[in-house]
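Residue numbers for the sequence shown follow full-length UniProt numbering, beginning at 1 and rising by one.
Each residue gets a CB set at the ideal place from its N, CA and C atoms; glycine is no exception.
Have a look at the structure below, then the notes.
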Amino acid sequence: MSNATSDMNLLHIVFGPASAPALAAAFELEETLKGDILCFEDDLSVGPLFILDTKDGQANRRQWWQQLAGLQPQPVAATGNEAANADAAPAPAAEEENGDPEKARQLKALLKAEPELEVWIWAGQNARDVCGYYWLVSQLYDFAGRIHIIYLNNLPFLNEKGAVFYPTHLHQILPKEFLKARKLARPVSLAEFELDGDEWHRLMNENAGVRLLEGGKKIKGEPAVFYDKELLQQCGKDFRKAAKVVGQVTGKLKYPVMEQYLSWRLKELVKEEKLESKGELKTMKDFEVKLPGAGEETEAPNAENAA
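If you want it as structure tokens, here you go:
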């Protein structure tokens, strides 16, 4: 973030790499909107949050990401340093030195060093962005007045065909439409810093497996097994590629869930013997799944009929 300031002394924040290109494209249409983009990559709508404001909590979350990536997790009792020395997983929170907590520390240092810098937090109407907002704003109370929020909550935009739609994510918005959205920028109030900071601590203490957006900024926690029923419904008597099962589930959800999370749930269902698998339980492209015991009995009769 060494060049985080522009003539406007403006820094934009988004949650998830898919959001950055659409916002950056809007800069080409409006000079006064220009500023560097800081992207926080971890999807806090899934996975453990308990004591995430501590080194141990951050280490536990990195360990969970390693588990999702198919790597051998460190023991639960591992210290923060031991977990940090584990093999890095290809996941948002895997590397401590480049992870979101370190980015947040750098952001606070930058705000202290450059008192004219203003921050615009962009959030779509989805659990990932809202959870990311709660996490970040809970750390920025000292910079009240300089932190702005642009929350695109149930707002109409125009798509490529000129039709009205209600986007849930920033990457769904056309660059020219960001010029309208920027008018929504407003400072986060002192009351919001207090209330939203309390909400973040509630989410950490609740430590749900999945977090859903119910409307506005209301987040509801659900157990990690929340999507297991939908995954099982997409499995049948014969082996199907895990990637196809995951894709069919995500296609039916109003708010998409990270595919890596659903792939992990499939692997957990295999471990619990609720599904059978074929192939290596690594990425969802490496294995297939089916319901237990199904399909095998029908193979022989089919072969006889074919003969």
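Coil, strand or helix - residue i by DSSP
i      : result
Glu118 : strand
Tyr166 : coil
Leu52  : coil
Ala18  : coil
Asp36  : strand
Asn85  : Because Asn85 carries a pLDDT of 31, less than 50, the predicted location of this residue cannot be relied on, and the following value inherits that uncertainty. Of the three classes helix, strand and coil, the one that applies to Asn85 here is coil, per DSSP.
Gly124 : strand
Leu10  : strand
Lys290 : strand
Leu174 : coil
Leu158 : strand
Leu29  : coil
Leu152 : strand
With 16 other Cβ atoms within 10 Å as the buried cut-off, status of residue i
i      : result
Gly132 : buried
Ser189 : exposed
Glu118 : buried
His12  : buried
Gly47  : buried
Arg265 : buried
Glu288 : buried
Leu29  : exposed
Ala269 : A small fix is needed here, since residue 269 is Leu in this sequence, not Ala. When all chains shown are included, Leu269 counts as buried.
Gly99  : buried
Glu199 : buried
Lys108 : exposed
His201 : exposed
Residue i and residue j closer than 7 angstroms at C-beta
i           : j      : result
Ala127      : Arg61  : no
Ala20       : Val14  : yes
Met204      : Leu52  : yes
Pro187      : Gly145 : yes
Asp238      : Lys183 : no
Ala25       : His171 : no
Lys267      : Leu281 : yes
Asn9        : Glu160 : no
Leu68       : Gln260 : yes
Lys285      : Ala243 : yes
residue 358 : Leu213 : Any question about residue 358 goes unanswered here, given that the chain covers just 1 to 307.
Cβ-heavy atom distance, residue i to the ligand NAD, below 6 angstroms
i      : result
Val245 : Ligands in the displayed structure: none, and consequently the ligand NAD is not present.
My parser needs the alpha helix (DSSP H) runs of 4 or more residues fully inside the UniProt domain "DUF3658" (183-287); what are they?
190-206, 228-233, 242-252 and 259-271
Would you call the segment 219-239 in contact with the segment 148-168, where contact means no fewer than 3 C-beta pairs closer than 8 angstroms?
no
Three CB pairs or more closer than 8 angstroms across the segment 206-220 and the segment 172-188
no
Say whether the segment 160-169 touches the segment 230-237, bearing in mind that this needs 3 or more beta-carbon pairs closer than 8 angstroms, one atom from each stretch.
Output reads no: the segment 230-237 does not touch the segment 160-169.
Say whether the segment 34-46 touches the segment 190-198, bearing in mind that this needs 3 or more beta-carbon pairs closer than 8 angstroms, one atom from each stretch.
no
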